[in-house]
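In what follows, a single structure is set out as C-alpha coordinates and then discussed.
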Amino acid sequence: MVALNVLALYFMREVRFLRYVQILTVAIFLLYYHINTFKVRILIVIILGMFLLREISVFYYGNSLGQIAYIILGCLAYGLICFKRLDMIQVLFRDKIAIICTFLFVILNLFMLNELISMVKDSYDGSFQASLIFLLGIIITLLGAVAVLYNQVVNSDRSLTFLFFIFCMIISDVSSLLGYYFNMGFFYYIDFVGATLGLSFFIHTVLDVRGEREDKELLKSML
(Lines of atoms letter the chains of each structure in order from A and count residues from 1; the text may use other names and numbers.)
(Lines give C-alpha, C1' and ligand atoms only; values in the text may rest on other atoms or scores of the structure.)
Protein backbone atom coordinates (compact mmCIF):
# COMPACT_ATOMS: atom_id res chain seq x y z
CA MET A 1 0.00 0.00 0.00
CA VAL A 2 2.85 2.36 0.76
CA ALA A 3 4.41 1.53 -2.62
CA LEU A 4 1.05 2.16 -4.33
CA ASN A 5 0.77 5.62 -2.79
CA VAL A 6 4.37 6.51 -3.60
CA LEU A 7 3.87 5.46 -7.23
CA ALA A 8 0.64 7.46 -7.37
CA LEU A 9 2.48 10.49 -6.02
CA TYR A 10 5.20 10.08 -8.65
CA PHE A 11 3.00 9.53 -11.70
CA MET A 12 -0.10 11.53 -10.76
CA ARG A 13 0.39 15.04 -9.40
CA GLU A 14 -3.34 15.84 -9.27
CA VAL A 15 -4.35 15.93 -5.59
CA ARG A 16 -7.97 15.00 -6.31
CA PHE A 17 -6.86 11.78 -8.03
CA LEU A 18 -4.58 10.98 -5.11
CA ARG A 19 -7.59 11.25 -2.80
CA TYR A 20 -9.21 8.39 -4.73
CA VAL A 21 -6.04 6.37 -4.23
CA GLN A 22 -6.21 7.07 -0.51
CA ILE A 23 -9.85 5.90 -0.34
CA LEU A 24 -8.87 2.71 -2.18
CA THR A 25 -5.97 2.26 0.25
CA VAL A 26 -8.19 2.42 3.35
CA ALA A 27 -10.73 0.07 1.72
CA ILE A 28 -7.98 -2.46 0.95
CA PHE A 29 -6.71 -2.27 4.54
CA LEU A 30 -10.25 -2.95 5.76
CA LEU A 31 -10.58 -5.95 3.44
CA TYR A 32 -7.11 -7.19 4.44
CA TYR A 33 -8.12 -7.08 8.10
CA HIS A 34 -11.27 -9.11 7.41
CA ILE A 35 -9.31 -11.77 5.52
CA ASN A 36 -6.38 -12.14 7.94
CA THR A 37 -7.91 -11.77 11.39
CA PHE A 38 -8.87 -14.81 13.45
CA LYS A 39 -11.86 -12.97 14.88
CA VAL A 40 -13.39 -9.83 13.41
CA ARG A 41 -13.67 -7.17 16.11
CA ILE A 42 -16.46 -4.70 15.54
CA LEU A 43 -14.51 -1.87 17.15
CA ILE A 44 -11.65 -2.24 14.66
CA VAL A 45 -14.09 -2.36 11.73
CA ILE A 46 -15.80 0.80 13.00
CA ILE A 47 -12.47 2.62 13.36
CA LEU A 48 -11.37 1.67 9.83
CA GLY A 49 -14.85 2.53 8.54
CA MET A 50 -14.57 6.01 10.06
CA PHE A 51 -11.17 6.51 8.44
CA LEU A 52 -12.76 5.51 5.12
CA LEU A 53 -15.69 7.91 5.53
CA ARG A 54 -13.25 10.59 6.58
CA GLU A 55 -11.33 10.25 3.32
CA ILE A 56 -14.61 10.53 1.39
CA SER A 57 -15.61 13.65 3.34
CA VAL A 58 -12.41 15.38 2.14
CA PHE A 59 -14.11 15.90 -1.25
CA TYR A 60 -16.67 18.14 0.50
CA TYR A 61 -14.20 19.99 2.72
CA GLY A 62 -14.83 23.18 0.78
CA ASN A 63 -18.14 23.72 2.61
CA SER A 64 -18.89 23.85 6.33
CA LEU A 65 -20.75 20.52 6.42
CA GLY A 66 -17.80 18.71 4.86
CA GLN A 67 -15.40 20.34 7.33
CA ILE A 68 -17.56 19.32 10.29
CA ALA A 69 -17.94 15.74 9.03
CA TYR A 70 -14.18 15.39 8.45
CA ILE A 71 -13.26 16.68 11.90
CA ILE A 72 -15.96 14.74 13.80
CA LEU A 73 -15.05 11.48 12.07
CA GLY A 74 -11.43 12.08 13.06
CA CYS A 75 -12.46 12.77 16.67
CA LEU A 76 -14.52 9.57 16.80
CA ALA A 77 -11.86 7.37 15.18
CA TYR A 78 -9.02 8.61 17.39
CA GLY A 79 -11.32 8.64 20.43
CA LEU A 80 -12.14 4.95 19.94
CA ILE A 81 -8.45 4.10 19.55
CA CYS A 82 -7.78 5.98 22.80
CA PHE A 83 -10.64 4.01 24.40
CA LYS A 84 -8.87 0.77 23.43
CA ARG A 85 -5.87 1.86 25.48
CA LEU A 86 -7.69 2.88 28.67
CA ASP A 87 -5.72 0.18 30.48
CA MET A 88 -2.74 2.53 30.37
CA ILE A 89 -4.54 5.10 32.55
CA GLN A 90 -4.33 2.81 35.58
CA VAL A 91 -0.60 2.34 34.96
CA LEU A 92 -0.15 6.10 34.61
CA PHE A 93 -1.49 6.81 38.10
CA ARG A 94 1.02 4.38 39.60
CA ASP A 95 4.07 6.11 38.12
CA LYS A 96 4.79 9.71 39.22
CA ILE A 97 7.51 10.19 36.60
CA ALA A 98 5.10 9.01 33.89
CA ILE A 99 2.50 11.49 35.16
CA ILE A 100 4.96 14.40 34.95
CA CYS A 101 6.26 13.40 31.48
CA THR A 102 2.73 12.90 30.15
CA PHE A 103 1.60 16.25 31.59
CA LEU A 104 4.53 18.11 29.99
CA PHE A 105 3.93 16.32 26.66
CA VAL A 106 0.25 17.34 26.67
CA ILE A 107 0.95 20.98 27.65
CA LEU A 108 3.62 21.38 24.96
CA ASN A 109 1.39 19.90 22.26
CA LEU A 110 -1.61 21.99 23.30
CA PHE A 111 0.54 25.13 23.01
CA MET A 112 1.66 24.11 19.51
CA LEU A 113 -1.94 23.22 18.62
CA ASN A 114 -3.20 26.63 19.73
CA GLU A 115 -0.55 28.37 17.61
CA LEU A 116 -1.45 26.26 14.58
CA ILE A 117 -5.18 26.91 14.91
CA SER A 118 -4.60 30.65 15.31
CA MET A 119 -2.98 30.63 11.85
CA VAL A 120 -5.88 28.89 10.09
CA LYS A 121 -9.02 29.76 12.08
CA ASP A 122 -9.91 32.68 9.77
CA SER A 123 -10.31 30.19 6.91
CA TYR A 124 -13.32 28.56 8.59
CA ASP A 125 -16.91 29.65 8.04
CA GLY A 126 -17.44 29.94 11.80
CA SER A 127 -15.88 29.41 15.20
CA PHE A 128 -17.55 25.98 15.54
CA GLN A 129 -15.12 24.33 13.11
CA ALA A 130 -12.14 25.89 14.89
CA SER A 131 -13.45 24.51 18.19
CA LEU A 132 -13.80 21.06 16.65
CA ILE A 133 -10.25 21.23 15.30
CA PHE A 134 -9.05 22.10 18.81
CA LEU A 135 -11.01 19.12 20.20
CA LEU A 136 -9.44 16.86 17.56
CA GLY A 137 -6.03 18.18 18.53
CA ILE A 138 -6.67 17.45 22.21
CA ILE A 139 -7.74 13.87 21.43
CA ILE A 140 -4.70 13.27 19.21
CA THR A 141 -2.43 14.80 21.87
CA LEU A 142 -3.85 12.49 24.55
CA LEU A 143 -3.50 9.55 22.18
CA GLY A 144 0.11 10.50 21.52
CA ALA A 145 0.76 10.67 25.27
CA VAL A 146 -0.84 7.25 25.76
CA ALA A 147 1.25 5.81 22.92
CA VAL A 148 4.47 7.13 24.45
CA LEU A 149 3.47 5.79 27.88
CA TYR A 150 2.44 2.44 26.41
CA ASN A 151 5.81 1.98 24.71
CA GLN A 152 7.70 3.20 27.77
CA VAL A 153 5.94 0.72 30.08
CA VAL A 154 5.58 -2.34 27.84
CA ASN A 155 8.60 -1.78 25.55
CA SER A 156 7.59 -4.46 23.03
CA ASP A 157 7.57 -4.63 19.24
CA ARG A 158 3.81 -4.15 19.32
CA SER A 159 3.96 -1.07 21.55
CA LEU A 160 6.65 0.46 19.31
CA THR A 161 4.52 -0.24 16.23
CA PHE A 162 1.54 1.43 17.93
CA LEU A 163 3.74 4.46 18.68
CA PHE A 164 4.79 4.65 15.01
CA PHE A 165 1.13 4.43 14.00
CA ILE A 166 0.12 7.38 16.17
CA PHE A 167 2.99 9.62 15.12
CA CYS A 168 2.43 8.83 11.43
CA MET A 169 -1.24 9.82 11.77
CA ILE A 170 -0.30 13.01 13.64
CA ILE A 171 2.16 13.94 10.88
CA SER A 172 -0.49 13.11 8.26
CA ASP A 173 -3.19 15.25 9.89
CA VAL A 174 -0.93 18.25 10.48
CA SER A 175 0.43 18.03 6.91
CA SER A 176 -3.09 17.85 5.50
CA LEU A 177 -4.06 20.96 7.46
CA LEU A 178 -0.98 22.89 6.31
CA GLY A 179 -1.42 21.74 2.71
CA TYR A 180 -5.04 22.88 2.53
CA TYR A 181 -4.87 26.22 4.34
CA PHE A 182 -1.51 27.37 3.02
CA ASN A 183 -2.03 25.91 -0.47
CA MET A 184 1.25 24.00 -0.34
CA GLY A 185 0.96 20.78 -2.36
CA PHE A 186 4.14 19.30 -0.90
CA PHE A 187 2.37 18.75 2.43
CA TYR A 188 -0.28 16.62 0.73
CA TYR A 189 2.39 14.13 -0.28
CA ILE A 190 3.54 13.88 3.34
CA ASP A 191 -0.12 13.47 4.31
CA PHE A 192 -0.69 10.54 1.91
CA VAL A 193 2.49 8.64 2.78
CA GLY A 194 2.08 9.30 6.51
CA ALA A 195 -1.53 8.07 6.55
CA THR A 196 -0.66 4.93 4.58
CA LEU A 197 2.28 4.10 6.84
CA GLY A 198 0.14 4.80 9.89
CA LEU A 199 -2.64 2.47 8.78
CA SER A 200 -0.06 -0.20 7.96
CA PHE A 201 1.25 -0.01 11.51
CA PHE A 202 -2.31 -0.02 12.89
CA ILE A 203 -3.27 -3.16 10.97
CA HIS A 204 -0.07 -4.84 12.16
CA THR A 205 -0.91 -4.12 15.81
CA VAL A 206 -4.50 -5.38 15.61
CA LEU A 207 -3.44 -8.58 13.81
CA ASP A 208 -0.60 -9.29 16.25
CA VAL A 209 -2.72 -11.43 18.57
CA ARG A 210 0.24 -13.02 20.33
CA GLY A 211 1.86 -9.65 21.03
CA GLU A 212 -1.46 -8.29 22.32
CA ARG A 213 -1.83 -11.21 24.72
CA GLU A 214 1.72 -10.76 26.05
CA ASP A 215 1.18 -7.01 26.51
CA LYS A 216 -2.06 -7.60 28.44
CA GLU A 217 -0.37 -10.12 30.73
CA LEU A 218 2.45 -7.66 31.44
CA LEU A 219 0.05 -4.80 32.17
CA LYS A 220 -2.06 -7.04 34.40
CA SER A 221 1.01 -7.96 36.44
CA MET A 222 1.73 -4.26 37.01
CA LEU A 223 -1.71 -3.42 38.40
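In UniProt numbering, the protein residues as written are 1 to 223. For glycine and all other residues, C-beta sits at the position ideal for the given N, C-alpha and C. Nothing here was measured: the structure is a model prediction, and the numbers come from that model.
The segment 153-208 is shown to contain whole alpha helix (DSSP H) runs of 4 or more residues at 157-181 and 185-207, in chain order. Taking 8 Å as the cut-off, the beta carbon of V148 is found closer than this to the beta carbon of L163. Separation of I99 and E214 (C-alpha to C-alpha, rounded to the nearest whole angstrom) is 24 Å. Boundaries of the alpha helix (DSSP H) around K84: S64 to K84. From the listed residues N151, L160, F186 and V174, the smallest Cα separation to N114 is found for V174.
The segment 32-40 and the segment 176-195 do not touch, with fewer than 3 CB-CB distances between them shorter than 8 Å.
Between the segment 203-221 and the segment 20-39, the count of C-beta pairs closer than 8 Å reaches three or more; the two stretches touch.
If you draw a straight line from the Cα of Q129 to the Cα of Y150, it is about 31 Å long. Annotation for L142: C82 and V106 place their beta carbon closer than 8 Å to its own, counting only its chain and skipping 5 residues before and after. Burial is judged here by how many other beta carbons sit within 10 angstroms of a residue's own beta carbon; E217 has fewer than 16 and is exposed. Between N109 and the set I97, L136 and Y61, the nearest pair of CA atoms involves L136.
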